[in-house]
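A.B. asks: Shown below is the structure under consideration.
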């Protein structure tokens with residue numbers, strides 16, 4: 121005999137089951153995010169500061185505390201990533217910069233992990249399949265790029281922008297284009313080029329999805345043909361608020377776009393073109409000019425594209441996977457357009473440089489590894505469900521083995537206590553231990569308003585000492601006028617008297633003799649010099665008398681510069 125249950129009891133049981141299901145789902149999602157974040161940490165936990173952290177965090181601290189590093193040439197130039205500086209500035213003001221770097225890194229790895237998990241789940245991956253995708257992305261993003269773009273590493277603006285772009289890719293896969301646009305706008309607010317190219321990719325994906333919906337169908341492995349239909353909106357804002365999302369996305373993007381446009385305000389066209397040539401040809405050709413890319417990078421990138429297309433063609437081409445593929449194909453077309461512009465560079469160098477400076481290969485460098493990772497994980501995930509060979513236990517053991525191998529390959533650079541010191545990548549162009557020692561002495565023993573001539577390869581002086589320096593190769597400003605001044609300073613400090621290119625520079629101003637040191641110091645207000653001890657020892661006794669040794673180790677010396685202030689400014693070359 122069937123007993124009737126009170127409606128309140130039924131409702132309570134349903135609510136309890138639903139609550140348990142939600143908790144289990146959230147726990148699984150949390151496990152995926154934590155595991156993926158750990159994988160990213162293993163790849164990116166280099167000693168601080170990393171390659172771009174030194175100048176990003178110095179800028180952030182100076183914005184929050186203008187007296188810190190006051191008067192430094194680079195710090196006083198206009199900012200291009202103000203939102204990042206506003207977010208990280210208070211952190212940098214309250215804790216040492218190295219600690220701030222680690223705080224920013226952990227936050228960056230966390231949001232990247234959330235974004236990759238979101239993208240992987242958008243095409244149906246779960247649990248171990250998501251973690252495999254995260255592991256593959258960690259490897260692919262470091263070994264398949266064509267222009268050397270990196271995503272997992274130090275704390276800088278583009279890390280957070282990339283996390284938002286990867287989340288937007290997941291939204292595109294789900295057919296939630298208005299939300300993808302909103303997130304893309306937020307990415308542009310953090311980094312105008314990463315987010316801006318991401319928004320271009322979203323537009324391309326939307327156009328392709330609508331075109332395929334009308335005209336095309338997709339062959340699934342069962343031989344049937346299914347139209348590429350967007351998922352039906354299931355939440356309020358996707359049904360009724362797309363215009364609001366579009367407006368908010370554009371408003372968020374303006375936070376990044378307007379400061380970037382303001383960088384060129386009040387400059388002549390000739391100045392903008394000259395600055396673009398400096399960026400593309402002299403300072404950043406390894407990122408911007410494909411004809412100068414390192415051997416093998418183009419080939420491996422093309423092979424990665426072919427592998428990804430093979431995975432997509434042979435796998436189950438679901439609607440979500442096809443929508444995700446549209447934004448990847450968009451990034452490929454953008455990169456091809458960059459190649460076409462490069463082909464015009466010998467004929468129209470000035471206009472080509474002005475166009476090439478916007479990083480045409482960046483979106484492909486960031487999205488191809490994601491597509492490759494999800495494609496590989498999907499192939500294994502489908503095999504797991506469709507064949508006897510990939511049993512649940514065997515599949516998990518295989519994934520675990522791959523993750524262990526990945527961990528073994530990546531852990532050696534961790535700064536673990538008891539291990540011999542691993543130099544941070546920002547100090548790879550100097551003798552790292554000796555450089556850190558000299559910077560520590562400078563921070564403790566020189567006036568806060570001291571200004572230094574530093575070695576050509578120095579990239580962390582400001583980060584480590586908070587003292588001004590005349591110029592740093594790594595710290596290139598963003599606005600055209602400051603870029604021209606930056607090149608002029610480099611030429612004055614490190615180039616031959618007749619030189620006009622910054623591609624061939626000496627390692628120290630002292631290499632040209634004491635007269636060059638004193639004239640450059642007088643021009644730019646420097647009163648201290650850090651130079652190799654060997655270079656100082658090679659001077660004549662009379663020349664040495666113009667420099668007072670304050671401190672030295674086996675590699676570098678710190679000297680006080682004595683020069684005649686009444687001599688006036690020396691003649692300075694114009695680039």
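In this note's numbering, the protein residues as written are 121 to 695.
In this text, a Cβ means the ideal position worked out from N, Cα and C, and glycines have one as well.
These figures come from a predicted structure and were not determined experimentally.
(1) Could you tell me whether the Cβ atoms of residue 544 and residue 566 are closer together than 9 angstroms?
(2) Shortest alpha-carbon distance to residue 425 belongs to which of 261, 198 and 628?
(3) When we look at the beta-carbon of residue 172 and count the other beta-carbons within 10 Å, is it buried (16 or more) or exposed?
(4) Less than 8 angstroms between C-beta atoms, sequence neighbours within five positions excluded: which residues of the same chain meet that for residue 189?
(5) Give the single residue among 638, 518, 617 and 525 whose Cα lies nearest to the Cα of residue 572.
(6) Determine, using beta-carbon pairs with one atom in the stretch 603-610 and one in the stretch 671-679, whether at least three such pairs fall under 8 angstroms.
(7) Is the CB-CB distance between residue 288 and residue 440 below 9 angstroms?
(8) Report yes if the CB atom of residue 409 is closer than 9 angstroms to the CB atom of residue 418, and no otherwise.
(9) Which class does residue 726 belong to by DSSP, given the choice of helix, strand or coil?
(10) Just checking, does the stretch 382-399 make contact with the stretch 231-240 on the three C-beta pairs under 8 angstroms criterion?
(11) Ordered along the chain, which non-local residues of its own chain (more than five positions away) have a Cβ less than 7 angstroms from that of residue 659?
(12) Suppose the cutoff is 6 angstroms on Cβ atoms and the five residues either side in sequence are ignored; what does the same chain contact list for residue 624 look like?
(13) What span of residues does the alpha helix (DSSP H) with residue 372 cover, start to end?
(14) Flag this pair as touching only if the stretch 301-312 and the stretch 361-370 have three or more C-beta atom pairs under 8 angstroms; answer yes or no.
(15) Which residue spans inside the stretch 406-485 form an unbroken alpha helix (DSSP H) run of at least 4?
(16) Give the list of continuous alpha helix (DSSP H) stretches no shorter than 4 residues that lie fully inside the stretch 143-225.
(17) Could you confirm whether any beta carbon from chain B is found closer than 9 angstroms to the beta carbon of residue 192?
(18) Between residue 378 and residue 198, which are expected to be in contact by the criterion C-beta below 8 angstroms, what is the C-beta distance as a whole number of angstroms?
(19) Buried or exposed: residue 337, going by 16 or more other Cβ atoms within 10 Å of its Cβ?
(20) Under three-state DSSP, which class holds residue 575?
(21) Going by beta carbon distance, what residues of the same chain come within less than 7 angstroms of residue 666, once the five residues before and after it are set aside?
(22) Which first and last residues belong to the beta strand (DSSP E) in which residue 652 is found?
(23) Nearest by alpha-carbon distance to residue 158: which of 281, 533, 204 and 258 is it?
(24) Sort 314, 327 and 365 by Cα distance to residue 376 and report the nearest one.
(25) What is the residue span of the alpha helix (DSSP H) that residue 404 lies within?
(26) Which residue or residues does DSSP assign as beta-bridge partners of residue 669?
(27) Can you give me the start and stop residues for the alpha helix (DSSP H) that residue 601 sits inside?
(28) Taking 6 angstroms as the limit between beta carbons, can you name the residues of its chain near residue 496, skipping five residues before and five after?
(29) For residue 364, which option in 661, 297, 381 and 327 has the closest C-alpha, if you only look at C-alpha atoms?
(30) Is residue 588 helix, strand or coil when you go by DSSP?
(31) What separation, rounded to the nearest whole angstrom, lies between the Cα atoms of residue 680 and residue 575?
(32) Nearest to residue 219 by alpha carbon, out of 274, 656, 206 and 662?
(33) Beta carbon of residue 480, beta carbon of residue 457: below 9 angstroms?
(34) Taking 9 angstroms as the cut-off, decide whether the C-beta atoms of residue 546 and residue 174 are in contact.
(35) Restricting to Cα atoms, I'd like to know which of 632, 475 and 619 is closest to residue 393.
(36) Ordered along the chain, which non-local residues of its own chain (more than five positions away) have a Cβ less than 6 angstroms from that of residue 460?
C.D. replies: Let me spell this out:
(1) no
(2) 261
(3) buried
(4) 178, 181, 182, 195, 582, 586, 587 and 588
(5) 638
(6) no
(7) no
(8) no
(9) No answer is possible for residue 726: it lies beyond the span of the chain, which begins at 121 and ends at 695.
(10) no
(11) 634
(12) none
(13) 362-382
(14) yes
(15) 417-434, 439-463 and 469-476
(16) 173-184 and 202-214
(17) The chain labelled as chain B is not found in the depicted structure, where only one protein chain is given.
(18) Not really, about 12 angstroms apart at Cβ, beyond 8 angstroms.
(19) With a pLDDT of only 42 at residue 337, under the threshold of 50, the placement of this residue in the model should not be trusted, and no figure is reported.
(20) coil
(21) 634, 638 and 682
(22) 648-652
(23) 258
(24) 314
(25) No alpha helix (DSSP H) contains residue 404, which DSSP labels as neither H nor E.
(26) 679
(27) 600-614
(28) 256
(29) 297
(30) strand
(31) 15 angstroms
(32) 274
(33) yes
(34) yes
(35) 475
(36) none
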